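Using this note's numbering, you'd call the opening residue of the sequence shown number 2 and step up by one each time.
These notes are about the structure you will find just below.
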Amino acid sequence: MTPTRLPAWQALAAHHATAQSFRLKDLFRQDPQRFARFSLSLDDLLLDASKHLVSAETMSLLTALAEQARLPAQIEAMFRGDKINATEGRAALHTALRGDTGARVDGEPVAPRVQGVLRKMRALAEGVRDGGIAGQTGRRFTHVVNIGIGGSDLGPLMACEALRPYADGRLTCRFVSNVDGAHLATALEGLDPETTLILAASKTFTTQETLANARSARQWLTASLGEAAVARHFVALSANYAEAARFGIPAERVLEFWDWVGGRYSLWSAIGCSVALYIGMDRFEEMLAGARSMDQHFRTAPPERNLPVVLGLLGIWNTNFLGAESRAVLPYDQRLARFPAYLQQLEMESNGKRVARDGTPLDYATSPVVWGEPGTNGQHAFFQLLHQGTQLIPADFIAAARSPYALDGHHELLLSNFFAQSEALMLGKDEAQVRAELQAQGLGEAAIAALLPHKVFPGNRPSTSILFRELNPRTLGLLIALYEHKVFVEGAIWNINSFDQWGVELGKALAGKILPELSGPQPATGHDASTNGLINHYKRLR
Ligand code: F6P
């Protein structure tokens, strides 16, 4: 099913000629109900899509595209447990981690296995938090160090930062991902091995960076507590019991997950252990409940009122018809500082693909570059380009109505910027307004003519705004699942496999080949001239 051959895609291509003349300002003027018509909600989460360059006709063509691409059947196939990740022969069942969806893998229901691990995770989290599970010398654990990378790092790191107000101070969590020794060394600074619990988080338990960090952390631990401490101070979060055992972590200290959980979708599995330790298992389960609620909505709501479907369709419109090559993610919430990085993996590892499911090269764009920083910081760094640069960059604005930080006036200040920026991107500032302002300042005609083009904002730049009452475990679950399913919708329409990631393999293989070349005295000769030159320059410098 090549999407570009579908009648709705062709109709959208034709409709694009009309859409090019859309002015958001005019669309709002023409339709006083536009906000109500183009905003959707689930619980207290509101998704305002009215500031996108779409009309009712655009949305109905996009909805037709979803139908023609058999999106509803594809959604069911995912929830059911079909092996939709065909290149790896796996299901994609992160939804089964947050509720019994009736999914089966090879005929076996998965819910009992999920429940079993949740129980084990609860016992561990509660035991560590109340001191019943202690370190080798009987002292309570005070610090948790999560060692993992990619999906085994970004999800729990992002969630722990986001939910910090729900932590009660019993434990602090630190995260180590980079194989650069600076990361582990800094994370272990000031920690006492006697009171430190180390989570070795790796689905495969073969990831080079994670194993190097876990081995060094193990040396740090055993240097003061001896080998026997490994079984008490390490917990493995992994789908690979055998490798965890080889590392010295006994089966009872392995929290398992399965090959049908993709790395970037694994926050809901044992990989979320640091979150459960940090905020407690009940809170972790509230996060699962939030995601479950989005799952039910995604599975049952009609496409035109379905938040992830609409968000995904807008992604298709912006990418494939308006030509946007990147999207900015702008949380107006410091606690979501790592959310853009989390979405980078979710979106770009899932949908950064160049061939269709059947291997045919694509002649249409897939995932845009996703990037961003929290507001208001971004405003004083890169927003210049959003407002006056040459590219069309749709932006996602995300905020909570309430803040747990009761600093006088800060939250209103933050939210005034949240509202103002999407308004400014949409409205812009035209020549007449700029001219009037400069005239009011008393500038002469020549000075006005020189300054005017620099001060014009073209406006008409699309954005999504997402606003909820407060950033709590449930809302975070809703928010993440919203984006997971949005990525699914896009991948389903692009006819790509959103659940493999072969593109990360080549660099890994080449690094493996280069590693032994770095130690010997002989110059490197087996590569291209640039790579040889760089390696040899390194050898001279070190
Ligand atoms: O190399 C990419 C990747 O496989 C990601 O998809 C994954 O999240 C990350 O590495 C870590 O993998 P693991 O959890 O197996 O260590």
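Using N, Cα and C, we set each Cβ at its ideal position, and we do this for glycine too.
Computed from a predicted model, the values in this text were never measured in an experiment.
| query | result |
| --- | --- |
| Taking C-alpha atoms, which residue in Ile-85, Arg-293, Arg-114 and Phe-235 lies nearest to Gln-137? | Phe-235 |
| Does the count of Cβ pairs from the segment 489-496 and the segment 347-363 closer than 8 Å reach three? | yes |
| Please tell me whether, using a cut-off of 8 Å, the distance from the CB of Glu-162 to the nearest non-hydrogen atom of the ligand F6P is below it. | no |
| In terms of DSSP beta bridges, what is Ile-467 paired with? | Leu-48 and Ile-399 |
| So, using beta-carbon positions, are Ala-160 and Met-288 closer together than 9 Å? | yes |
| Let me know if Ala-67 comes out buried or exposed under the rule of 16 or more other beta-carbons within 10 Å of its beta-carbon. | buried |
| Need the endpoints of the beta strand (DSSP E) that Glu-257 sits in, please. | 255-257 |
| Mind checking if Pro-341 is an interface residue toward chain B, Cβ cutoff 9 Å exclusive? | Checking the listed chains, one finds no chain B in this structure; it contains a single protein chain. |
| For the segment 371-451, which segments carrying the beta strand (DSSP E) assignment without a break, of at least 3 residues, lie completely within its bounds, in sequence order? | 396-401 |
| Can you tell me whether DSSP reads Pro-33 as helix, strand or coil? | coil |
| Taking 8 Å as the cut-off, is the C-beta of Gly-264 nearer than that to any heavy atom in the ligand F6P? | yes |
| Any idea what DSSP makes of Leu-477, helix, strand or coil? | helix |
| Run through DSSP, which three-state label would Pro-304 get? | helix |
| Please list, in chain order, all residues of the same chain as Leu-483 whose beta carbon is under 6 Å from its beta carbon, the five residues on each side excluded. | Met-295, Leu-308 and Pro-309 |
| Starting from His-144, trace the beta strand (DSSP E) in both directions and tell me its first and last residue. | 144-148 |
| Assign Ser-153 to buried or exposed, taking buried as 16 or more other Cβ atoms, counted over all protein chains shown, within 10 Å of its Cβ. | buried |
| Please list, in chain order, all residues of the same chain as Ile-536 whose beta carbon is under 6 Å from its beta carbon, the five residues on each side excluded. | Ala-525 |
| Do Asp-44 and Phe-469 count as a contact pair if the criterion is CB distance below 9 Å? | yes |
| How many angstroms separate the CA atom of Thr-361 from the CA atom of Met-2? | 11 Å |
| When DSSP builds the beta bridges, which residues end up paired with Phe-1? | Here the chain comprises residues numbered 2 to 543, so residue 1 is not present and cannot be evaluated. |
| Name the two residues that bound the continuous beta strand (DSSP E) containing Ser-239. | 235-239 |
| Does the Cβ of Gly-273 lie closer than 8 Å to at least one heavy atom of the ligand F6P? | no |
| By how many angstroms is the C-alpha of Gln-434 removed from the C-alpha of Ala-448? | 16 Å |
| Determine the extent of the alpha helix (DSSP H) in which Leu-63 is found, giving its start and end residues. | 57-69 |
| When we look at the beta-carbon of Gln-392 and count the other beta-carbons within 10 Å, is it buried (16 or more) or exposed? | exposed |
| Give a yes or no on whether the C-beta atoms belonging to Thr-465 and Asp-397 are separated by under 9 Å. | yes |
| Output yes or no for whether 9 Å exceeds the beta carbon distance between Leu-238 and Lys-121. | no |
| Can you tell which of Thr-208, Glu-77 and Thr-64 has its C-alpha closest to the C-alpha of Lys-509? | Thr-208 |
| Only counting runs of 3 or more residues, tell me where the beta strand (DSSP E) segments fall wholly within the segment 187-234, in order along the chain. | 197-202 |
| Mind checking whether His-17 and Leu-323 have CB atoms under 9 Å apart? | yes |
| Less than 8 Å between the CB of Val-505 and some heavy atom of the ligand F6P, yes or no? | yes |
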